[in-house]
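Asker: Here the sequence shown is numbered in UniProt numbering, starting from 1 and rising by one per residue.
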Amino acid sequence: ELVYQIKNNEKCRYIIRIGPQAFLRLCDILQKFGGLQPTQRASIKEQVGIFLYTLGHTVSNRTIQFFFCRSGETVSRHFHNVNNTFLISPMDQKFLPKFSIAEVLPYFKDCIGAIDGTHVRVKVSNEDAPWYLVRKDCPSQNLLAACSFDLRFTYVLSGWEGTSSDSRIIKNALSRVVKLKIPEGKFNYKMSGGLIAPYKGVRYHLKEFSSHEPESPRELFNLRHASLRNAIERAFGAVKKRFPIIAEHHST
Numbered sequence: 001e002l003v004y005q006i007k008n009n010e011k012c013r014y015i016i017r018i019g020p021q022a023f024l025r026l027c028d029i030l031q032k033f034g035g036l037q038p039t040q041r042a043s044i045k046e047q048v049g050i051f052l053y054t055l056g057h058t059v060s061n062r063t064i065q066f067f068f069c070r071s072g073e074t075v076s077r078h079f080h081n082v083n084n085t086f087l088i089s090p091m092d093q094k095f096l097p098k099f100s101i102a103e104v105l106p107y108f109k110d111c112i113g114a115i116d117g118t119h120v121r122v123k124v125s126n127e128d129a130p131w132y133l134v135r136k137d138c139p140s141q142n143l144l145a146a147c148s149f150d151l152r153f154t155y156v157l158s159g160w161e162g163t164s165s166d167s168r169i170i171k172n173a174l175s176r177v178v179k180l181k182i183p184e185g186k187f188n189y190k191m192s193g194g195l196i197a198p199y200k201g202v203r204y205h206l207k208e209f210s211s212h213e214p215e216s217p218r219e220l221f222n223l224r225h226a227s228l229r230n231a232i233e234r235a236f237g238a239v240k241k242r243f244p245i246i247a248e249h250h251s252t
């Protein structure tokens with residue numbers, strides 16, 4: 001019954017956070033390009049519905065068992081099957097600039113996106129918890145992500161403990177086998193090739209400029225930098241709002 005509502009009712013935006021047509025298209029894409037297949041007892045739509053309902057409502061395995069009338073093992077298997085097909089690396093690793101804002105062009109003419117870290121809550125053993133505890137005594141991962149200026153994610157690196165520094169994670173992202181790829185050419189950064197950082201020791205965050213205009217070239221640079229970097233913060237905010245499982249504490 002729940003799967004029927006997902007396919008045929010406009011209320012599916014509340015149930016799985018996307019509309020009926022987008023849901024059907026996603027199922028089709030995961031089957032054609034991700035290799036997701038129906039099982040003897042579960043259609044692709046049911047599997048994807050389980051996956052999206054879990055992400056959209058921060059619910060436990062037991063809750064999914066109740067709504068979909070499936071065993072805990074079946075729910076877990078379908079969730080991970082969809083997750084593995086959902087996370088597909090792009091075939092074309094070339095990302096082109098998507099903006100042309102006059103006030104930032106002198107500084108960031110050839111930039112292709114923004115990169116930053118965010119904390120995602122996780123459940124870990126008591127033994128490992130100290131490595132993940134950072135904020136409000138809730139364990140979290142420090143997730144690194146990059147996005148284009150139209151808020152499309154182009155790279156995600158998860159798994160690092162919440163206490164890990166951003167600089168350490170970036171160095172790992174640039175050196176691992178499946179690494180963060182930055183185009184060669186007009187991109188430069190004094191610490192990590194291809195990444196442009198703000199000046200240290202001067203104002204940076206947008207709220208710091210709300211009542212006082214930039215007073216030096218470095219502050220002006222930082223203001224423009226913060227304006228563009230805001231893209232990744234907006235992307236994080238949009239994802240966490242739509243899929244609260246990323247931001248909220250959840251039980252098993």
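Ideal Cβ placement from N, Cα and C applies to all residues, glycine included.
Which partner residues does L144 have in the DSSP bridge list?
Answerer: Answer is G117 and L157, bridged to L144.
Asker: Given a cut-off of 8 Å on the beta-carbon distance, is the pair R224 and R17 in contact?
Answerer: No; because the gap between Cβ atoms is not below 8 Å, this pair is not in contact.
Asker: By Cβ distance below 7 Å, which residues in the same chain neighbour Y199 in space, the five residues on each side in sequence not counted?
Answerer: Counting only Cβ-Cβ distances below 7 Å, and skipping sequence neighbours, we find R218, F221 and N222.
Asker: Closest to Q40 by C-alpha separation, out of F67, T74, A22 and V59, would be which residue?
Answerer: With distances taken between Cα atoms, Q40 lies closest to T74.
Asker: Let me check understanding here. Comparing Cα to Cα, which of S158, A114 and S148 lies closest to V122?
Answerer: Answer by Cα proximity: S158.
Asker: Should G201 go down as buried or exposed, given a rule of 16 or more other Cβ atoms within 10 Å for buried?
Answerer: Looking at its Cβ environment, which holds fewer than 16 other Cβ atoms inside 10 Å, G201 is exposed.
Asker: Given this structure, state the Cα-to-Cα distance separating Y204 from C111, to the nearest angstrom.
Answerer: Each residue's Cα considered, the two are about 19 Å apart.
Asker: Helix or strand or just coil, what does DSSP make of L133?
Answerer: L133 falls in the strand class under three-state DSSP.
Asker: According to DSSP, P139 sits in a beta bridge with which residue or residues?
Answerer: Paired residues: L133.
Asker: Could you give the distance in angstroms between the alpha-carbon of Y14 and the alpha-carbon of S167?
Answerer: Looking at the two C-alpha atoms, the distance is approximately 38 Å.
Asker: For A146, does the count of other Cβ atoms within 10 angstroms reach 16, so buried, or fall short, so exposed?
Answerer: Label assigned to A146: buried.
Asker: So, under 8 Å CB-CB, L30 and F86 are touching, yes? Tell me the CB distance rounded to an integer number of Å.
Answerer: About 7 Å; that satisfies the 8 Å criterion.
Asker: Span of the alpha helix (DSSP H) holding D28?
Answerer: Its alpha helix (DSSP H) spans residues P20 to K32.
Asker: Is the segment 22-29 close to the segment 45-60, with three or more CB pairs under 8 Å?
Answerer: Yes: at least three Cβ pairs fall under 8 Å.
Asker: With DSSP as the reference, label Y14 as helix, strand or coil.
Answerer: Looking at Y14 - three-state DSSP - the assignment turns out to be helix.
Asker: For F209, which of helix, strand or coil comes out of DSSP?
Answerer: Of the three classes helix, strand and coil, the one that applies to F209 here is helix, per DSSP.
Asker: Tell me the rounded alpha-carbon separation between F236 and E215.
Answerer: Roughly 30 Å separates the two Cα atoms.
Asker: Measure the CB-CB distance between D116 and R234 and report whether it falls below 8 Å.
Answerer: Against a cut-off of 8 Å, the Cβ pair of R234 and D116 comes out as no contact.
Asker: What is the C-beta distance between F51 and F79, in whole angstroms, given that I count them as a contact (C-beta under 8 Å)?
Answerer: Between F79 and F51 the Cβ distance is about 5 Å, and since that is below 8 Å, they are a contact.
Asker: Going by the beta-carbon positions, is the gap between I170 and L144 smaller than 8 Å?
Answerer: Cβ distance < 8 Å, so I170 and L144 count as in contact.
Asker: I'd like to check one pair, A114 with I232: are the Cβ atoms closer than 8 Å?
Answerer: Yes, these two residues count as a Cβ contact at 8 Å.
Asker: Where L195 and G162 are concerned, what is the direct C-alpha to C-alpha distance, given to the nearest angstrom?
Answerer: Cα to Cα, L195 sits roughly 22 Å from G162.
Asker: Measuring alpha carbon to alpha carbon, tell me which of V156, S164, A197 and S165 ends up nearest V178.
Answerer: Closest option to V178, Cα to Cα, is V156.
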